[in-house]
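*Asks:* For what it's worth, our numbering labels the leading residue of the sequence shown as 81, then goes sequentially. Glycine residues also receive a C-beta, built at the ideal position from the N, C-alpha and C atoms. On a predicted model such as this, the values are computed, not experimentally measured, just so you know.
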Amino acid sequence: MAHPEERRFFDWLREHSPQAGLLYILAKDREGKVTQYWYTGGTEPEIDALREDHHVWVGLTRYGKRKATKTNVLPTRMVWIDHDGPDANPYDWDPRPHVVIQTSEGRFQAVWLLAEAVSKEETEQLCAGLAQRFGADPSDKDITQVHRVPGTFNLKHDPPYPVKLLWLEEEDKTAPYQPEDLRIAVPVTPVTPVETPGLPDGGTREHALYLLGQLQVPTDTVAEGFIKEQEDRSAALYSLVASVLEKGGSPKDAYNIASHSANQKFDTPERLWEDILRTIPKIHATGGQRWTTHHISNLEGVDDEVLWIVSPYLYSDAVGTVVGEPSSRKSWAILQLLTAIACPEATQFWGQPVLIHGPVLYFNLDDRRARRLKLRLGNILAYYRDGNRSLDIPFEWADSGLNYNVREWKRWLAEDLDRMEQTYGQPVVLTVVDTMHKAGFDPKDWGAGSQVFLDGLTDLAISRKTAFMIVHHTAKSAASRPDNIRISPWGSVFTGASLDPAWRLTRQTSADKEDREHHHIELEYASKEGPESLDPLALIYGKDTSKFEIQVEAASLERKILHQLKIAEETISQAELARRVETTDIQVHRVVSNLEKKGQVVTKKMGAAKMVMLPGTKEDQQSEF
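Listed below in structure tokens is the structure:
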């Protein structure tokens, strides 16, 4: 049965939305799996089934097609904000919203109803102005943004927080606003595209024709993509740009040529340039610089010493990764490492000595809120300094700008590293990108375009003896691994990438239920420079956000056994398991018996040996026939 607040909200939403359009619902379960729903009519039965164990959001706009893109959005009578607090007080907001939804303590979403539908561009302008006026999240202006549904739960909290309809006022109580009224109350300058760094000069049409000849772009492509306007201008322009890049033309050449094409469809030069930058990773040039071969004797002069920063977690020229499901403390873990390196008083990290101290650089691209970074860093510093939270360590951070689809990213990053070395008199020890998804990564292509980023970081790591760690979200941290990854840190993978070292963080929900005062995280880590196999650790974090509490313990014997089976991906004898986890055969026998009762392992006899495997392994499947 639909929750009363949910029913009331959707009745209001349908009444004031285009009747012909589709309503967009987005749901995400506790494991991070996302599902989309599209409706022309009622939604209550589906949401009722999702309420207890899913985040549920709804788009405030209607769509013409079943794809949540700006192109498909219909004109709307609604504008909105999403305020994350802590100073949010919707009772003071003037003009007064028609709808206010409380999503958690001190956090609210608000909707203003307009007297008439306005364009997508004007909707975003008004949303941006309201956000600026009330100090709300500026990114929420996006026309495709979704908002929480009253009567559902915010599962980010423990216990889950009920999403509440604070008020909903009909038109007879609060009249709809004229767009001009909101524009007067909220002075808004027109939204203009942000200038893309490094925007090149478009040049002349004559020079574009010269480049087409020099690059030997096929005449058919020139005729269809450059000279004649086509019915499908997008396809024609893409074909032209792709041909230029395949012939060895630079991104600047592609921009120069596309700027003068009859099929140039973008309203600003910046948008055209951004489209070309997005196209680059998909294109492979047919020509280019030839590789260089070396005689093996050159290796005699190579320094083969591994310089550890914290053994076995990080070495000096590493390009590694930290992956995990949502809420698995990835940012906390990497911030503790950064602080331990930058803070001279920090002598250890997770029980291991910090061998190199020095400057660090943190790209805080995911959260971006400075107040949260300040709280986390202050708490961690207090942990290492007996309560002293002074932010006086060689730690620099950025909350935007790094995007490996932008041509000059590597040069800009190198300039930052050089500048910091001059400032602090020591090379940067570690740079962290948190997260990969906000640095240009597209989950839809499974990371196929990310190799340029990984190669660039490797170049910098080797040339400057500096380390990089990439934080990466994954909905299913236990997904099957590529052959070239030692442990399985990928739910969505980088195709062909072998990052080292690799950390994987996994929430231990059963332990959280038994001990509600702490968050329990399992850490699995591996490095090609370290031991072949390391037992996982248990990271136990305190829930009190006013301080930083962490206990680092060896994982239970049960977790160690499951870990060994997972990384082996094959049957292991009970005796071999005992050797790997360094305990007696009797203890392993007891644990394996308990795991088998719970359906977490499968055993079978092979001669005198007892073989153990995970359910679903090749040997287990063969035993069913």
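Can you list, in chain order, the residues of its chain with a C-beta nearer than 6 Å to that of residue 367? Leave out the 5 residues immediately preceding and following it.
*Replies:* Taking the first residue of the sequence shown as position 1, residue 367 is located at position 287. Because residue 367 sits at a pLDDT of 48, beneath the cut-off of 50, its placement in the model cannot be relied upon, and the point is left open.
*Asks:* Only counting the same chain, and skipping five residues up and downstream in sequence, which positions put a Cβ closer than 8 Å to that of residue 298?
*Replies:* Locating residue 298 in the sequence shown gives position 218, where the first residue counts as 1. Hits under 8 Å: 323.
*Asks:* By Cβ distance below 8 Å, which residues in the same chain neighbour residue 394 in space, the five residues on each side in sequence not counted?
*Replies:* Taking the first residue of the sequence shown as position 1, residue 394 is located at position 314. Cβ within range, chain order: 388, 400, 417, 510, 547, 549 and 581.
*Asks:* If you drop the 5 nearest sequence neighbours on each side, which residues of the same chain put their C-beta closer than 8 Å to that of residue 409?
*Replies:* Residue 409 sits at position 329 when you count from the first residue of the sequence shown. Within the same chain, residue 409 has close Cβ partners 585, 599, 601, 619 and 621.
*Asks:* Taking the beta strand (DSSP E) that residue 244 falls in, what are its first and last residues?
*Replies:* Working through the sequence shown from its first residue, we reach residue 244 at position 164. Element bounds for residue 244: 244–248.
*Asks:* Between which two residues does the beta strand (DSSP E) holding residue 162 run?
*Replies:* Taking the sequence shown and counting its residues from 1, one reaches residue 162 at position 82. DSSP places residue 162 in the uninterrupted beta strand (DSSP E) bounded by 156–163.
*Asks:* Does DSSP classify residue 402 as helix, strand or coil?
*Replies:* Translated into positions along the sequence shown, residue 402 becomes position 322. The answer is strand: DSSP assigns residue 402 an E or B state.
*Asks:* Assuming residue 349 contacts residue 262 (C-beta within less than 8 Å), just tell me the rounded distance between them.
*Replies:* Translated into the one-based positions of the sequence shown, residue 349 becomes position 269. Translated into the one-based positions of the sequence shown, residue 262 becomes position 182. Not a contact, Cβ separation roughly 31 Å.
*Asks:* Comparing C-alpha positions only, which one of 469, 238 and 306 sits nearest to residue 626?
*Replies:* Within the sequence shown, residue 626 is the residue found at index 546, counting from 1. Nearest option by C-alpha distance: 469.
*Asks:* Determine the direct distance from the alpha carbon of residue 647 to that of residue 83, and round the result to whole angstroms.
*Replies:* Working through the sequence shown from its first residue, we reach residue 83 at position 3. Working through the sequence shown from its first residue, we reach residue 647 at position 567. Each residue's alpha carbon lies about 45 Å from the other.
*Asks:* For residue 341, count neighbouring Cβ atoms within 10 angstroms of its own Cβ and tell me buried if that reaches 16, exposed if not.
*Replies:* Position 261 of the sequence shown, counted from the start, is the residue given in the question as residue 341. Under this definition residue 341 is a buried residue.
*Asks:* Just to check my reading of the structure: residue 333 and residue 289 have Cβ atoms closer than 8 Å, yes? What is that Cβ distance to the nearest angstrom?
*Replies:* Counting from one through the sequence shown, the residue named residue 333 turns up at place 253. Counting from one through the sequence shown, the residue named residue 289 turns up at place 209. So it is not a contact: roughly 12 Å between Cβ atoms.
*Asks:* According to DSSP, residue 477 sits in a beta bridge with which residue or residues?
*Replies:* Locating residue 477 in the sequence shown gives position 397, where the first residue counts as 1. Note: residue 477 sits in a beta bridge opposite 442.
*Asks:* Put residue 652 into one of helix, strand or coil per three-state DSSP.
*Replies:* Here the question's residue 652 lines up with position 572 in the sequence shown. Assignment of residue 652 by DSSP, reduced to helix, strand and coil, places it in the strand class.
*Asks:* Excluding sequence positions up to five away, which residues of its chain have a Cβ less than 7 Å from the Cβ of residue 518?
*Replies:* As a first step, residue 518 must be located in the sequence shown, where it is residue number 438. Answer for residue 518: 445 and 446, listed in chain order.
*Asks:* In angstroms, rounded to a whole number, what distance separates the CA positions of residue 569 and residue 356?
*Replies:* The residue given as residue 569 occupies position 489 in the sequence shown. The residue given as residue 356 occupies position 276 in the sequence shown. A caution first: residue 569 carries a pLDDT of 38, below 50, which makes its placement in the model unreliable, though a value can still be read off. Going by the C-alpha atoms only, they are around 32 Å apart.
*Asks:* Could you check what DSSP says for residue 197 in three-state terms: helix, strand or coil?
*Replies:* The residue you call residue 197 lines up with position 117 of the sequence shown. Residue 197: strand per DSSP, three-state reduction.
*Asks:* In its own chain, which residues sit with a C-beta less than 7 Å from the C-beta of residue 130, not counting the 5 before and 5 after it?
*Replies:* What you label residue 130 is simply residue 50 of the sequence shown in a count that begins at 1. So the list reads 107 and 136, once near-sequence residues are dropped.
*Asks:* Is the beta carbon of residue 157 closer than 9 Å to that of residue 230?
*Replies:* Position 150 of the sequence shown, counted from the start, is the residue given in the question as residue 230. Position 77 of the sequence shown, counted from the start, is the residue given in the question as residue 157. Their beta carbons are not under 9 Å apart, which means residue 230 does not touch residue 157 by this criterion.
*Asks:* Does the Cβ of residue 666 have 16 or more other Cβ atoms within 10 Å, making it buried, or fewer, making it exposed?
*Replies:* Sequence index remark: in the sequence shown, residue 666 carries index 586 (1-based). The residue is exposed, with fewer than 16 neighbouring Cβ atoms inside 10 Å.
*Asks:* Determine, using beta carbons only, whether residue 448 and residue 411 come nearer to each other than 9 Å.
*Replies:* Position 368 of the sequence shown, counted from the first residue, corresponds to residue 448. Position 331 of the sequence shown, counted from the first residue, corresponds to residue 411. Result no, Cβ atoms of residue 448 and residue 411 do not sit closer than 9 Å.
*Asks:* What first and last residue would you give for the beta strand (DSSP E) that runs through residue 139?
*Replies:* In the sequence shown, residue 139 corresponds to position 59, counting from 1. Note, residue 139: beta strand (DSSP E), 134–139.
*Asks:* Consult DSSP for residue 182 and reduce its assignment to one of helix, strand or coil.
*Replies:* Within the sequence shown, the letter at position 102 stands for residue 182. Strand, per DSSP.
*Asks:* If you draw a straight line from the C-alpha of residue 402 to the C-alpha of residue 513, how long is it?
*Replies:* In the sequence shown, residue 402 corresponds to position 322, counting from 1. In the sequence shown, residue 513 corresponds to position 433, counting from 1. Roughly 10 Å between the two C-alpha positions.
*Asks:* Flag this pair as yes or no: are the beta carbons of residue 439 and residue 495 separated by less than 9 Å?
*Replies:* Taking the sequence shown and counting its residues from 1, one reaches residue 439 at position 359. Taking the sequence shown and counting its residues from 1, one reaches residue 495 at position 415. Not a contact, by the Cβ cut-off of 9 Å.
*Asks:* At 4 residues or longer, and completely inside the stretch 662–689: list those alpha helix (DSSP H) runs for me, N to C.
*Replies:* 665–677
*Asks:* Around the C-beta of residue 312, are 16 or more other C-beta atoms found within 10 angstroms, so that it is buried, or is it exposed?
*Replies:* Counted from its first residue, the sequence shown places residue 312 at position 232. Flag for residue 312 reads exposed.
*Asks:* Select from 295, 214 and 195 the residue whose C-alpha is nearest the C-alpha of residue 259.
*Replies:* Translated into positions along the sequence shown, residue 259 becomes position 179. Nearest of 295, 214 and 195 to residue 259, Cα basis: 195.
*Asks:* Among 193, 653 and 668, which one has its Cα closest to the Cα of residue 689?
*Replies:* Start at 1 with the first residue of the sequence shown, and residue 689 comes out as number 609. When C-alpha distances from residue 689 are compared across 193, 653 and 668, the shortest belongs to 653.
*Asks:* Report back the beta-carbon spacing between residue 97 and residue 142 to the nearest angstrom; my notes put them in contact at under 8 Å.
*Replies:* For this step, residue 97 is matched to residue 17 along the sequence shown. For this step, residue 142 is matched to residue 62 along the sequence shown. The pair is a contact, with the Cβ atoms about 5 Å apart (cut-off 8 Å).
*Asks:* Taking Cβ positions only, does residue 538 come closer than 9 Å to chain B?
*Replies:* Checking the listed chains, one finds no chain B in this structure; it contains a single protein chain.
*Asks:* For residue 572, count neighbouring Cβ atoms within 10 angstroms of its own Cβ and tell me buried if that reaches 16, exposed if not.
*Replies:* As a first step, residue 572 is located in the sequence shown; it is residue number 492 there, counting from the start. Residue placement at residue 572 is poorly supported in this model, since its pLDDT is 36, which falls under 50; the coordinates still yield a value, given next. Classification for residue 572: buried.
*Asks:* For the candidate residues 520, 441 and 384, whose alpha-carbon lies nearest to that of residue 504?
*Replies:* On the sequence shown, residue 504 is found 424 positions in, with the first residue counted as 1. The candidate whose alpha carbon is nearest that of residue 504 is 441.
*Asks:* Given residue 640, which residues of its chain have a CB within under 6 Å of its CB, disregarding the five upstream and five downstream residues?
*Replies:* On the sequence shown, residue 640 is found 560 positions in, with the first residue counted as 1. Here the set comprises 615 and 661.
*Asks:* Tell me where the alpha helix (DSSP H) around residue 516 begins and ends.
*Replies:* The count along the sequence shown starts at 1 and reaches residue 516 at position 436. It is not in any alpha helix (DSSP H) - residue 516 carries neither H nor E in the DSSP assignment.
*Asks:* Under the rule that 16 or more other beta-carbon atoms within 10 Å means buried, what is residue 567, buried or exposed?
*Replies:* Your numbering for residue 567 matches position 487 in the sequence shown. Bear in mind that the predicted position of residue 567 carries a pLDDT of just 40, short of 50, making it unreliable; the figure below should be weighed with that in mind. Looking at its Cβ environment, which holds 16 or more other Cβ atoms inside 10 Å, residue 567 is buried.
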